[in-house]
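Report on the structure given below.
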Amino acid sequence: MIDAIAISTLAASIVSKCYRYGCSVADAPDEAKRLASEVTNLSGLLIGLQSVADQHESYLESLNVYKILLECSADLKAVDSQLEGLVPVAGQTKTRRIVKRLRWPLQRGDTLLMLEHIERQKGSFEFCIGIAHYQKELQDLSRAFQALDARIASKEELAVEQSVLDWVCDYNYQAQHHRAYRLHCDNTSSWILEHPLFLHWRESRDPVLWFRGAPGSGKTVLASYGAEHFLQRQSSTAGAQPVVLFYYDKSTNQSLSLQTFLASALRQLCVQMGTPPSVKEAFSAAKLSSGDLRPININQLTSMVRRHIVHDPPCIVILDGMDEAEDIPGICDFLTTMLESGTKFFISSRPHNVIANVLPGALKMSAPSTSASSDIAQYIDQRLHHDQRLQKMAQGLKSYVRESLCEKAAGMFRWVQCQLDEISKLRTNKAIKAAIKALPETLEASYSRNVLRINEGDLIYAYQALLWLTYALYPLKLNTLAEATVLEPGATAVDDESQLSDPADILDICGMLAFYNDLSDEVQLSHHSVREFLSASCKIPFSFPEKSCHRTIAERSISYLLNDDFASGPLASSQSIKTTLTNYPLLAYAARSWPTHVLRSDAEEALQPLILKILTPEATPQFYFWLQIVLYHSNHGFQIPGTKSSYIPTALYYASSYGLYNTVKSLIALGADLNVRAGRYGGTALHAACWRQHPHIIQLLLGAGADTTIGDRNGMTAFDLTKNGVGSE
């Protein structure tokens, strides 16, 4: 198209001539002034038109701008030609200038006609520029909508991906790693990366490196250091090895099962390598018409992990505390099936016969005494220089403490940690020196001394807190533990006057035996050796026999659920549940966990009178309230049980699901309906027992006359579930 800038330059020439003429001649005609003004405006539009043409030339051509520009160019050339020589030059006389004035070449009518042309052309150009800008805005808006659609689609994809991951595993494996690695001391543990056995394991085809050490020797921290090393390599190297990490820890029961390990492993593989289609397909297959999800089962997990853990370069699996697993043979069986897959396993534990027998070819490694001693010395130095209280000691006293602890540590990080924790509480140099002279010889002696120093008035709080910490199924929030600690036997609520003024008092009372994670606001036993000490020691004023403690927690939890404040039944909104959970800190744990504690207590029969107050033959408001809290903390979110016409929750159904044999027996004797569709997916009590694989309860229900032909909402009978490996619970 014609260069609009060139036409603009022509217009500028006309404006210049008109301006110079007006400055040189008195009483220049008004039409000359108007011509200069209109041509100036036209020039500006031409410049704007050129800018639009640079981006939308084809669009301007479609508006026939080419023809208008030709016309404009011809008009301006004609005017410019007629004005040529009009402006006086320097040295001309006044008379000559007057003559020039008389020779203004454009008649008034011609000038007005030219102005009319220019006005029309300006209108055309303004229209074209406006349309072009409008089109650009439409294009920008279209692109914005496309980007928004892409973001919405991406957000929806991410939401689906997150749902898949949450279905696979809801265990917070990252928190366990962060807890372990937070204890790592700078400039320690690096020796392991240069150890000949570690280097050989990393580069060879040997699949298993087994790091063995005594309790408290720093195995978990060392494993976390190795895990962090591989994670950092992964983040900085393209195509690096996938890393799966897992910490078996007896201070948190949730971590001890084989299913939790497999679920955690599968989730980590999905996060690092993308969720495989087979996992997404399994997730889709688990969806029911109601939108609910069937839980993933251990057979699915085992199959998926075996399939997706195979990778080139090989996957690294860091498995700490394997000797603490509740199913050591199960995890060993899994490992043996993976030995030929190329997967590299770094496991740490105490020496253990089962592991040794199942993995006879594993590379066996221990910390060299010089490396352990060096790391311990470095740890002591760091504590002495950075601990808020320890750093205030005089240098000479610091040296004395350091030398004494290094001499008696015998490779035991945990023992050193306990001594430094105790020393940090002392207020005088004399007290510190006395403590150093009377150091306990073992971890057990350290724990015993801690318990024996608890004030007599605090012993009841210490006992209750340690009981809950030892046998809780998962880490407790600080205010939850504080509530449980002051809950009296048989009480359905906590007396306000019995509440601790500060929940953190529990931490002071328990001392080195408890660990508080300020990031998650959770309290756990500080080390698995504490659990072993509390379960077995006869040297403290109280004991923690396992079955008895589970019974205590079960009784307290059920009694708590019978609070009169819950007697009105389910709450009307999700916000009401959140408020209630805040006001009753123990509620969520009590609702979710009491059946497991009953089973582990072996006292279900003795607890029948109490259990039947919550699992009543005829559903009560408190039964529905309990169930609402359980469902709220599952994948099902907020629900009001008993309001759906598709199913009617019953105590028999949930007793069958939890495996409460004596309770099922009692409910049958009390006339409970065996065949009512009581599950969320329309299953009967028999469906629940089959899905949860409770053969003794299946037999009990069948013996009582349960109908095997009833199908759930998907048309599956209870026995169909056992054939297909899926369930309706």
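Taken in order, the sequence shown gives residues 1 to 729; the numbers are from UniProt numbering. Note that the Cβ used here is the ideal one computed from N, Cα and C, for glycine as well.
Quick one: using the 10 Å Cβ neighbour count with 16 as the cut-off for buried, is F533 buried or exposed?
-> Taking the first residue of the sequence shown as 1, we reach residue 533 at position 533. That one is buried.
Look at H528 and K250 and say whether their C-beta atoms are less than 7 Å apart.
-> Taking the first residue of the sequence shown as 1, we reach residue 528 at position 528. Taking the first residue of the sequence shown as 1, we reach residue 250 at position 250. Yes, these two residues count as a Cβ contact at 7 Å.
Helix, strand or coil for I648, going by three-state DSSP, please let me know.
-> In the sequence shown, the residue the question calls residue 648 occupies position 648. Looking at I648 - three-state DSSP - the assignment turns out to be coil, as it is neither helix nor strand.
Taking the continuous beta strand (DSSP E) assigned at R212, which residues delimit it?
-> Working through the sequence shown from its first residue, we reach residue 212 at position 212. Judged by DSSP secondary structure, R212 falls within the beta strand (DSSP E) whose first and last residues are 208–212.
Just tell me which of K398, W594, Q174 has its CA closest to the CA of S520.
-> On the sequence shown, residue 520 is found 520 positions in, with the first residue counted as 1. The shortest Cα separation from S520 among K398, W594, Q174 belongs to Q174.
Give the DSSP bridge partners of V317, in chain order.
-> Locating residue 317 in the sequence shown gives position 317, where the first residue counts as 1. As a beta-bridge residue in DSSP terms, V317 pairs with V244, F345.
Leaving out the 5 sequence neighbours to the left and right, which residues in its chain are closer than 6 Å to D75 when beta-carbon positions are compared?
-> Indexing the sequence shown from 1 puts residue 75 at position 75. Within its own chain, the residues whose Cβ lies closer than 6 Å to the Cβ of D75, once the five positions on either side in sequence are excluded, are H117, listed in chain order.
Cβ contact (3+ pairs, closer than 8 Å) linking the region 176–183 and the region 191–198 | They do not touch, by the three-pair rule.
My understanding is that I318 touches F283, with C-beta atoms under 8 Å, so please give their C-beta distance in whole angstroms.
-> In the sequence shown, residue 318 corresponds to position 318, counting from 1. In the sequence shown, residue 283 corresponds to position 283, counting from 1. So it is not a contact: roughly 27 Å between Cβ atoms.
Segment contact flag, the region 550–559 with the region 209–222, C-beta cutoff 8 Å, min 3 pairs = At 8 Å Cβ cutoff, the stretches do not touch.
Taking A619 as the reference, which of E604, P276, E71, P570 has the closest Cα?
-> Taking the sequence shown and counting its residues from 1, one reaches residue 619 at position 619. Comparing Cα positions, the closest option is P570.
Limits of the alpha helix (DSSP H) - the one that E555 falls within = Indexing the sequence shown from 1 puts residue 555 at position 555. Bounds of the alpha helix (DSSP H) holding E555 are 546–561.
In the region 457–541, which residue ranges form an unbroken alpha helix (DSSP H) of at least 4 residues, counting only runs that do not cross its ends?
-> The region 457–541 contains these whole alpha helix (DSSP H) runs: 459–471, 478–485, 505–510, 528–536.
Quick one, are the C-beta atoms of C690 and L660 less than 7 Å apart?
-> Here residue 690 is taken as the residue at index 690 of the sequence shown, counted from 1. Here residue 660 is taken as the residue at index 660 of the sequence shown, counted from 1. Contact flag unset, no.
Using a Cβ-Cβ distance under 7 Å, would R182 count as near chain D?
-> Absent here is chain D; the protein component of the structure consists of one chain.
Closest residue to G679 among Y653, T552, V208, I553 (Cα-Cα distance) | Here residue 679 is taken as the residue at index 679 of the sequence shown, counted from 1. When each option's Cα is compared against that of G679, the closest is Y653.
Heavy atom of the ligand GTP less than 6 Å from the Cβ of K344, yes or no?
-> For the structure depicted, the ligand GTP is absent and the ligand set is empty, with no information on it obtainable.
Below 8 Å, can you find three or more Cβ-Cβ pairs linking the region 494–503 to the region 381–390?
-> In this structure the region 494–503 does not lie against the region 381–390, because fewer than three pairs of beta carbons, one per stretch, are closer than 8 Å.
L363 lies in the beta strand (DSSP E); which residues open and close that run?
-> Along the sequence shown, read from residue 1 onward, the residue named residue 363 stands at position 363. Run containing L363: 363–365, per the beta strand (DSSP E) assignment.
Coil, strand or helix - L674 by DSSP | The count along the sequence shown starts at 1 and reaches residue 674 at position 674. In the three-state DSSP reduction, L674 falls in the coil class, being neither helix nor strand.
For the region 345–408, list the alpha helix (DSSP H) runs that are entirely contained and at least 4 residues long, ordered along the chain.
-> Taken in chain order, the whole alpha helix (DSSP H) runs of length 4 or more contained in the region 345–408 are 353–358, 369–386.
Out of I668, L513, K280, point me to the one whose CA is closest to A159's CA.
-> Position 159 of the sequence shown, counting from 1, holds the residue named residue 159. Nearest in C-alpha terms to A159, of all of I668, L513, K280, is K280.
Taking the C-alpha atoms as reference points, what is the distance between T596 and V630?
-> Position 596 of the sequence shown, counting from 1, holds the residue named residue 596. Position 630 of the sequence shown, counting from 1, holds the residue named residue 630. Looking at the two C-alpha atoms, the distance is approximately 13 Å.
Reducing DSSP to helix, strand and coil, say where K287 ends up.
-> Position 287 of the sequence shown, counted from the start, is the residue given in the question as residue 287. Strand.
Per DSSP, L293 forms a beta bridge with which residues?
-> Here residue 293 is taken as the residue at index 293 of the sequence shown, counted from 1. The secondary-structure analysis by DSSP pairs L293 across a beta bridge with K287.
Own chain partners of A655 with C-beta closer than 7 Å, once the 5 adjacent residues on each side are dropped | Within the sequence shown, the letter at position 655 stands for residue 655. Cβ within range, chain order: L615, T663, V664, L667.
By Cβ distance below 8 Å, which residues in the same chain neighbour G274 in space, the five residues on each side in sequence not counted?
-> Indexing the sequence shown from 1 puts residue 274 at position 274. Hits under 8 Å: none found.
Might you give, ordered along the chain, the residues of its own chain that have their beta carbon closer than 6 Å to the beta carbon of F261, omitting 5 neighbours on each side?
-> Numbered from its first residue, the sequence shown carries residue 261 at position 261. Excluding residues within five positions, the ones whose Cβ falls inside 6 Å are F246.
Using the C-alpha atoms, what's the distance from P276 back to Y632?
-> As a working note, residue 632 is residue 632 in the sequence shown. As a working note, residue 276 is residue 276 in the sequence shown. If you take the alpha carbons of Y632 and P276, they lie about 29 Å apart.
Using DSSP with H/G/I as helix, E/B as strand and the rest coil, what is A606?
-> Against the sequence shown, residue 606 aligns to sequence position 606. DSSP places A606 in coil when its eight states are reduced to three.
According to the neighbour-count rule (16 or more other Cβ atoms, all chains shown, within 10 Å of its Cβ), is T237 buried or exposed?
-> Taking the first residue of the sequence shown as position 1, residue 237 is located at position 237. Exposed, because fewer than 16 other Cβ atoms sit within 10 Å of the Cβ of T237.
Should T582 go down as buried or exposed, given a rule of 16 or more other Cβ atoms within 10 Å for buried?
-> Indexing the sequence shown from 1 puts residue 582 at position 582. So T582 counts as exposed.
Cut-off 7 Å between Cβ atoms - residues of its own chain near K219, not counting five sequence neighbours on either side = Reading the sequence shown from its first residue, position 219 is the one you call residue 219. Contacts found: F211, G213, D320, S348.
Would you kindly work out how many angstroms separate the C-alpha atoms of W201 and A223, rounded to a whole number?
-> As a working mapping, residue 201 is identified with position 201 in the sequence shown. As a working mapping, residue 223 is identified with position 223 in the sequence shown. Just so you know, the alpha carbons of W201 and A223 end up roughly 15 Å apart.
Among P314, H177, L231, N187, which has the Cα closest to the Cα of Y248?
-> Counting from 1 along the sequence shown, the entry for residue 248 is found at position 248. Measuring from the Cα of Y248, the nearest candidate turns out to be H177.
Starting from the Cα of Q300, find the closest Cα among V168, G683, P695 and give me that residue.
-> Your numbering for residue 300 matches position 300 in the sequence shown. When only C-alpha atoms are compared, the closest one is V168.
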